[in-house]
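Structure, as structure tokens:
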Amino acid sequence: TSGVVSCGTFIQPFNVVANTVTEVVVDRNASYISPGTGTSNNQGIKVLIDDGKPKAVVYGHVFAGARSAATLVLPKLALGQKYFAIAYDQTLSVNGSQSQFDIVCVEPNTKLNITPRENGVLLPTFSVTLTNVGDVYQYQSDRDITGSYIEVDASTSSCKRFAAFSGSSAVGILSPGCNPPGSNSNTGLNISYDPLFQQLYPLESWGKVFPLVPFFDRNTGSIYRVLASEDNTTINIGGTTQRLNKGQFYTTLPINTVSIITADKPITVAQYALTQYCADSRNRGNNARPSDPDMVILNPLEYSIKDVTMYSALKQDIRDQYLNVVIPNTGVASFTINGVNYSNRFSAVPGNSTYSYAQVDLRQIGGTSFNLKSDVAFNAMAYGFGDFESYAYSAGTNLASSIFINAVRPATNEIITNACRDEVFDFRLVLPYMASKLIWILEPGDTPITQEGVNLTPKPITINGKLLFEYRLPADKVYKQVGTKQIKIISTIPPTAGGCPSGDETLNFEFEVYDPPPTATFLAQSSACLNNPVKFSLNAINGNRPVISYFWDFGDGTTSTEKEPVHNFTSEGLKTVSLSVKNDVACVSNVYQLPIKILKQPQANFAVANTSCSKTAIQFTDQSTLNDNSAIYSWDFGDGTTSTDKNPIHIYQKSGNYIIKLVLKTEANCESNFQLSKTIFELPTADFVDPNACARDNIVFKAINTSSDIVSYLWNFGDGSTATEKDTPPHRFATPGTYVISLKVTSSNGCENEVKKTIVISSSNPNAGFSVINVDNLCSNQPVEFVDNSNVQIGKIVKLEWIFEYSIGGINTKEVYDLPVKGTTYTHKYPNTKETINYQVRLRAYSGNDCFEDFGPKTITVKGSPEVVFTPLAGICIDKPKITITQAREIIGISGGGVFTGNGISEDGVFDPVIAGIGKHIITYTFTSDNGCNDIKEQEIEVYPLPTVNAGEDVTILIGGQTTFKSVATGNGLTYQWLPSTSLNDATLLNPIASPKESTLYTLIVTSKDGCTISDKVNVEVATKPTIPNTFTPNGDGNNDIWNIKYLDSYVNARMTIFNRFGNAVFNSTGYDIPWDGRYNGKEVPVGVYYYIIDTKVEGKKFTGSVTVIR
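Quick note on numbering: the working numbering labels position 700 of the sequence shown as 714, and the sequence is numbered without any gaps.
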């Protein structure tokens, strides 16, 4: 954009590129107003944007040596007719500095009525007339002028506006208890001063909600002053309540926390920076946090902005640049500075769920021009500090004005500040006067729309106590393209007695058109029950801008603005639920609707028999009332079991008191619960046993394992006979066969239990019999096996009595077996003897108590048997000769013979470990008597492996030298012994150190833990002196590349030093494990003669000489 800045004779055109700042320095000679009260002609500064150019933001900045103050400059449309001045206590002044306000004329012949207030005391009202645009009236006092009231004269200037500024030419601001050291002529304190300078907001632009965000990183905090516009104004600051009348003010102590100030009537709030020494406790030592007195009028949260380019000045000597931002939580995510997202810098305002704030150090971004933008309107303040310097001002505002335009949605009559593409809307214009004609041009190229006469009837409205006139244009306007629309209105102003000008006034407005409204759908269950919560979930929201509000109509006379509400319907029937949403630029979606059927609640109920017993099937009968024909039943029987049957049958395993619950769910999850307490009585218990009887028996049936509360018994014998006693009278069945016997018992609680058993009454004439397995070859050392062959025609054999050593008239021992199975084999072990003995065996078989038959006695012959003992065998090494096994023998003297079997053993007991092999082997000895009976015994013998040994290669050492044997041996738990042990450090080690004085042959004997031994020999040859070569050829051909001195390594502590012809050592070593390779420090030495000294460290033996290196 472009325009002109003028002040008196000063005129300077300017150009501004979008989102940048152009600085225009106004000539001080043209703009400076001398101290004192009075009018200065044509010294107001005017900024005029060229016709047809975009609007601009203007900031005013006053600076000089050690002075700095700035303000946001309001456009003419935002000016008003009533102002209150605000400044600060002028006690700490310097060089006659004054508290003051300045009034700038923007319309000719503006008469003003001024009521000063000094130090809170009202003074008489007086009038001032400013004749020309640009004239300035200044009022100064050495007392605080806060609360002074300035307004246009209603009789002569009722439709005129003016600009007002206030502050101080210089003042110091201290915190309680802060006393800077030093002195000056006025106060006795060495303090910093700075001017206070702010353009005032007209009363209609005051607000009721203000953010309090202290200046960044100044730990004393900020002072705030609140000024009321009306009597009986209640304000709340951080929980502290104050009541003020019109023009009165309240000044806080320094506040260093973030909070919100609220009021019930319009107020204005100023924030103050402190003298540097008092601004931060760290300044008491090194002025770490620069500051200076400053005042900024805070922007009400009601008049926030979405997009502004602000200026952060560096004059005068400003080194710290900061920005305070307060924004609704919904706008944090979209907030940017110069296009960079800064959402991560925000924190919640303490104690407030609506707003968040950020404090940004602009030095980290760099520059002086910053574009602030968000999808949701925000409030911002720019400020800066230098050593004893400061400035602060609102970064931008959207102040209420007496002239403004809005759009109106015809369907809802909703007033909006912008519109959406393809949306139909009308226009609303508010003027401070009654126009005689309006000409509307809604878009370049549109046909002008004229309103006059009967078509131009305003509606009087009052805003902040001011009478205004509202005009409506039923335009049915639809914009097809998004963007900023230029709306031009020509208003014809009729002459008035108040002095308002007549003629035409051209009003230019900007109107934003955004993308089409969002679309929204939601999900919910298709049916629900009365008073049951129904959850409404957003399904899809389409649109390019964030949705900020939701409107739900549930079709039952209730609504909600929650995002995803939960609603309880209180009447049944079909309900149509509607949703519309609004985005951040007030675009409203079309209504989306879903039908929901609301059903009557079901009523769960059931019945159960009065007497209910455990372990008995109990019928539960549903008696519920449903809202449709389908339902889901959920039963809880109180014992950990459940059912989903409509009429379930349940058996309780234990008696007790149970809470039985039925949960009934019908369509739409309509649910009803019913429960009752039920006592389940213990089922009586009784039992009886099968008598295993025959037809000849008289049987007494006995009830057993009975519970204590039984009051009656009823027996049924299955043959037409019954009994009612606990223990029945004797009963005989007429014929053998199968009968079902039942016993029914009844408890005192009426619970019945019946036991039924099927029994067989056997025939009275059983058949006894048995056979003997291998009857002709029975040996006394083996059990004899008898096979039962007993049977009965009807029924079963119920008992067997065996007498295996029967004698007539003797003592016969019985072995009794109940309920035997035919074909079962029974065994009996007779005494082991070497003689053959005959035994009598008898068997008695029972088919009932009194029905039995005997078989036998039958004679069997049991032969005498041998008896063998086989004692344990010792292990043997595999290299041992054969041995004869003598540990096995027959001990009772029966005639016969024995044989051995197993790995490595002959029949006559000769064991060969080599044939058997290493490992464990089982040796078996079998002795067979002449009558064919035998006895077998086994023992284990282990053949041990030999260890392995290698005593190592024969070695040669020098006399006085030593060697460590490199012997190797394997085996388990080995021990070692060297022979002879002469000249060994330890003859029991596998690898001892040998240092013989003469050649010696050593033998190593190795013994395993099993006693197996093996040996090997090694020879140590002793030489009298080393053989030292006098040349070698280290040329890398693999031959003679090292100076190898045989056997020198046997002198393990020998010291070898080799010198060149200059006496410099080129090789050193202790021991000679690694021979010299003709190198020094990794590099080849020159060919030639080198000299050596070998100190063997043995009996003073040394060897010296020379060696020649040849390549």
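A virtual CB, placed ideally from N, CA and C, is assigned to each residue, including glycine.
- Excluding its 5 nearest sequence neighbours in each direction, L960 has C-beta neighbours in its own chain below 7 Å: C891, I892, D893, C1026 and I1028, listed in chain order.
- In summary, G912 is buried, with 16 or more beta-carbon neighbours lying within 10 Å of its beta-carbon over all protein chains present.
- Within 10 angstroms of the beta-carbon of T1041 lie fewer than 16 other beta-carbons, which makes it exposed.
- Counting along the chain, N558 sits inside no beta strand (DSSP E), nor does DSSP assign it H or E at all.
- Per the coordinates, the alpha-carbon of T847 lies some 28 Å from the alpha-carbon of T838.
- The Cβ neighbour count for A347, taken over all protein chains shown within 10 Å, is under 16; the residue is labelled exposed.
- Annotation for P195: no alpha helix (DSSP H) segment contains it, and DSSP assigns it neither H nor E.
- Around the CB of Y1065, 16 or more other CB atoms lie within 10 Å, so the residue is classed as buried.
- One thing to note: S592 has its Cβ no nearer than 8 Å to the Cβ of D570.
- Collapsing the DSSP output to three states places S357 in a helix.
- Where P927 is concerned, the enclosing alpha helix (DSSP H) starts and stops at P927 to A930.
- The three-state reading of DSSP puts C292 in helix, counting H, G and I together.
- Taking C-alpha positions only, S785 is separated from T841 by approximately 12 Å.
- In this structure, I453 sits away from I507, with a CB-CB distance that is not shorter than 8 Å.
- Here P130 has L137 and S162 as same chain residues with Cβ atoms under 6 Å from its own Cβ, once five neighbours each way along the sequence are excluded.
- In this structure, the CA atom of S111 is about 36 Å from the CA atom of G253.
- Within its own chain, the residues whose Cβ lies closer than 7 Å to the Cβ of R232, once the five positions on either side in sequence are excluded, are A293, D294, R303 and S305, listed in chain order.
- Of the residues I128, E1098, F1073 and T36, the one whose Cα lies closest to the Cα of V1121 is F1073.
- Only residues of its own chain outside the window of five on either side were considered, and among them V61, V72, Y73, G74 and Q213 have a CB closer than 8 Å to the CB of V87, listed in chain order.
- Segment contact: the stretch 235 to 248 against the stretch 269 to 286, three or more CB-CB distances shorter than 8 Å; contact assigned.
- Taking one beta carbon from each stretch, the stretch 463 to 482 and the stretch 552 to 571 have fewer than 3 pairs nearer than 8 Å; the two do not touch.
- As a beta-bridge residue in DSSP terms, T772 pairs with V754.
- When secondary structure is reduced to three states using DSSP, G94 falls in the strand class.
- In chain order, N393, S408 and T411 place their CB closer than 7 Å to the CB of N313, counting only its own chain and leaving out the 5 sequence neighbours on each side.
- In the three-state DSSP reduction, D116 falls in the strand class (E or B).
- Taken through DSSP and simplified to helix, strand or coil, Y317 comes out as helix.
- Taking 8 Å as the cut-off, the beta carbon of V1032 is found no closer than this to the beta carbon of L988.
- Counted as a single uninterrupted DSSP element, the beta strand (DSSP E) harbouring R856 occupies residues I851 to Y860.
- P194 and Y291 have their alpha carbons spaced roughly 6 Å apart.
- Taken through DSSP and simplified to helix, strand or coil, V605 comes out as coil.
- Note on geometry: alpha-carbon atoms of A538 and P579 lie some 11 Å from one another.
- In this structure, L337 lies away from V272, with their beta-carbon atoms at least 8 Å apart.
- Counting only runs of 3+ residues, the beta strand (DSSP E) found wholly inside the stretch 615 to 691 occupies 620 to 622, 631 to 636, 646 to 650, 663 to 665 and 670 to 680, in chain order.
- Here L258 carries a strand assignment [DSSP, helix/strand/coil].
- The distance from the Cβ of G94 to that of P216 is about 2 Å, consistent with a contact at the 8 Å cut-off.
- Here the C-alpha atom of F979 lies approximately 30 Å from the C-alpha atom of T1118.
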